[in-house]
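Using numbering that gives the first Met the number 0, the letters of the sequence shown map in sequence onto residues 0 to 236.
Everything below concerns the one structure shown next.
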Amino acid sequence: MILIGALVNGIGVSIGTLLGSLLRRIPDSMKHTVMNVMGLAIIVMGVQMGFKSENFLIVILSLAIGAVIGELFTLEDKLTNIGGWLEKKIGSSKEGSISQGFITGTLVFVVGAMGIIGALDSGIRGNHDVLYTKTIIDTFVALILTTTLGIGVLFSAIPVILYEGSIAIFATQIERFIPHALMNSFITEMTATGGIMIIAIGSNLVGITNIKVANLLPGIVITALLVSIIYGFKLHF
0 MILIGALVNG IGVSIGTLLG SLLRRIPDSM KHTVMNVMGL AIIVMGVQMG FKSENFLIVI
60 LSLAIGAVIG ELFTLEDKLT NIGGWLEKKI GSSKEGSISQ GFITGTLVFV VGAMGIIGAL
120 DSGIRGNHDV LYTKTIIDTF VALILTTTLG IGVLFSAIPV ILYEGSIAIF ATQIERFIPH
180 ALMNSFITEM TATGGIMIIA IGSNLVGITN IKVANLLPGI VITALLVSII YGFKLHF
């Protein structure tokens, strides 16, 4: 089943959230320390991803252009509005804002190469091992996030399933349209671009910055366009 990896990942996030809600009585000082540690770990992961770029100019342009597009369309505000709508329907969480939990969870679980690579592997080869590994990580992260940000993290399971599932379905036909070399180049630069976003997420969690990371997400699309342009240029010249 093509979508099994995405579904398992979404279920893992849900289980982690439910376990985290049961552990919400964890002392605030412990939550604060754990969240800082998680933030630092996420920063390190983002740095590792960022260093994988073979053409960092693509990463810089993708983030800059993506940020302009994201600001123009106020993507962060739209995500906040979705979370606010859920908050009104369900009620406020004593342990944190539902919108904050939804946004943070969505960005942490969706942004990054692991989800894309895993979903591509699911679609192209029918191998779900990468997404299974990501599920283990996400389950633990969801547990920790929920103890601080509340039940809103649960709703991030929906975009995880839709995002990874869509890529997996698309990947079943991808080899017919996209050359292998172009796909490898995109994954490399997308990994680095996503890594910078991951660093921003981690620094936000630690409290160093207050970056609207959702407004950077169009950078992934810009990365695909720039990589395709460069690939086409090299092919013809």
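Even for Gly, the Cβ is constructed at its ideal location relative to N, Cα and C.
Point to revise | Cut-off 7 Å between Cβ atoms - residues of its own chain near P158, not counting five sequence neighbours on either side | key: Here residue 158 refers to the residue found at position 159 of the sequence shown. Taken in chain order, the residues that qualify are T105, V109.
Point to revise | K133, enclosing alpha helix (DSSP H) - first and last residue | key: Sequence index remark: in the sequence shown, residue 133 carries index 134 (1-based). It spans 128-148 - the alpha helix (DSSP H) in which K133 sits, taken as one unbroken run.
**Study point:** Pair within 7 Å by beta-carbon distance, A170 and G201
**Key:** Residue mapping note: residue 170 aligns to position 171 of the sequence shown, counting from 1. Residue mapping note: residue 201 aligns to position 202 of the sequence shown, counting from 1. No; because the gap between Cβ atoms is not below 7 Å, this pair is not in contact.
Practice item. Give me the Cβ distance between I197 and M48, rounded to the nearest whole Å; I'm assuming they're in contact under 8 Å. Key: On the sequence shown, residue 197 is found 198 positions in, with the first residue counted as 1. On the sequence shown, residue 48 is found 49 positions in, with the first residue counted as 1. Between M48 and I197 the Cβ distance is about 6 Å, and since that is below 8 Å, they are a contact.
Point to revise | When I115, I135, V12, T145 are compared against A191, the one with the closest alpha-carbon | key: Looking up residue 191 in the sequence shown gives position 192. Among I115, I135, V12, T145, the Cα nearest to that of A191 belongs to I115.
Check your understanding: Can you tell which of G206, I219, V107, K77 has the C-alpha that lies nearest to the C-alpha of T32?
Key -> Position 33 of the sequence shown, counted from the first residue, corresponds to residue 32. That would be G206, whose Cα lies nearest to the Cα of T32.
Review point. Alpha carbon to alpha carbon, how far is A199 from I210?
Key: Working through the sequence shown from its first residue, we reach residue 199 at position 200. Working through the sequence shown from its first residue, we reach residue 210 at position 211. When rounded, the distance between both Cα atoms is 7 Å.
Review point. Where does S28 land, buried or exposed, given buried means 16+ other C-beta within 10 angstroms?
Key: Translated into positions along the sequence shown, residue 28 becomes position 29. Exposed, because fewer than 16 other Cβ atoms sit within 10 Å of the Cβ of S28.
Practice item. Assign P178 to buried or exposed, taking buried as 16 or more other Cβ atoms, counted over all protein chains shown, within 10 Å of its Cβ. Key: Locating residue 178 in the sequence shown gives position 179, where the first residue counts as 1. Its Cβ having fewer than 16 others within 10 Å, P178 is exposed.
Point to revise | Through-space distance from G100 to Y230, alpha-carbon basis | key: Here residue 230 is taken as the residue at index 231 of the sequence shown, counted from 1. Here residue 100 is taken as the residue at index 101 of the sequence shown, counted from 1. Y230 and G100: Cα-Cα distance of roughly 39 Å.
Review point. Taking all protein chains shown into account, do 16 or more other C-beta atoms lie within 10 angstroms of the C-beta of G125, making it buried, or fewer, making it exposed?
Key: Stepping through the sequence shown from its first residue, residue 125 is reached at position 126. Exposed, since its Cβ has fewer than 16 Cβ neighbours within 10 Å.
Practice item. Could you check what DSSP says for E188 in three-state terms: helix, strand or coil? Key: In the sequence shown, counting from the first residue as 1, residue 188 sits at position 189. In this structure, E188 counts as helix in the three-state DSSP scheme.
**Study point:** Residue-chain proximity (G15, chain C), Cβ-Cβ < 7 Å
**Key:** Judged by its chain identifiers, the structure shown contains no chain C, having just a single protein chain.
Review point. Between the beta-carbon of T16 and the beta-carbon of T145, is there less than 7 Å?
Key: Translated into positions along the sequence shown, residue 16 becomes position 17. Translated into positions along the sequence shown, residue 145 becomes position 146. Taking 7 Å as the Cβ cut-off, T16 and T145 qualify as a contacting pair.
Point to revise | Identity of the residue in I195, G149, A118 nearest V43 by Cα | key: Locating residue 43 in the sequence shown gives position 44, where the first residue counts as 1. Selected option, being the one with the closest Cα: I195.
Review point. Of all the options T138, D120, F176, H235, which has the alpha carbon lying nearest to the alpha carbon of E163?
Key: Against the sequence shown, residue 163 aligns to sequence position 164. With distances taken between Cα atoms, E163 lies closest to D120.
Practice item. Can you give me the Cβ contacts of E53 inside the same chain, cut-off strictly under 8 Å, excluding the 5 residues immediately before and after it? Key: Counted from its first residue, the sequence shown places residue 53 at position 54. S184, T187, E188, listed in sequence order.
Review point. Hey, would you say L130 sits closer than 7 Å to N214, going by beta carbons?
Key: Position 131 of the sequence shown, counted from the first residue, corresponds to residue 130. Position 215 of the sequence shown, counted from the first residue, corresponds to residue 214. No, these two residues do not count as a Cβ contact at 7 Å.
Exercise for review: Excluding the 5 residues preceding and the 5 following E94 in the sequence, name in chain order all residues of the same chain whose CB lies nearer than 6 Å to its CB.
Suggested key: Counting from one through the sequence shown, the residue named residue 94 turns up at place 95. Unreliable placement is indicated for E94, whose pLDDT of 47 sits below 50; no coordinate value is reported for it.
**Study point:** F176 versus D137 - alpha carbon distance
**Key:** Stepping through the sequence shown from its first residue, residue 176 is reached at position 177. Stepping through the sequence shown from its first residue, residue 137 is reached at position 138. So the alpha carbons of these two residues sit roughly 32 Å apart.
Practice item. Please list, in chain order, all residues of the same chain as N35 whose beta carbon is under 7 Å from its beta carbon, the five residues on each side excluded. Key: Residue numbering aside, residue 35 sits at position 36 when the sequence shown is read from its first letter. Within the same chain, N35 has close Cβ partners V205.
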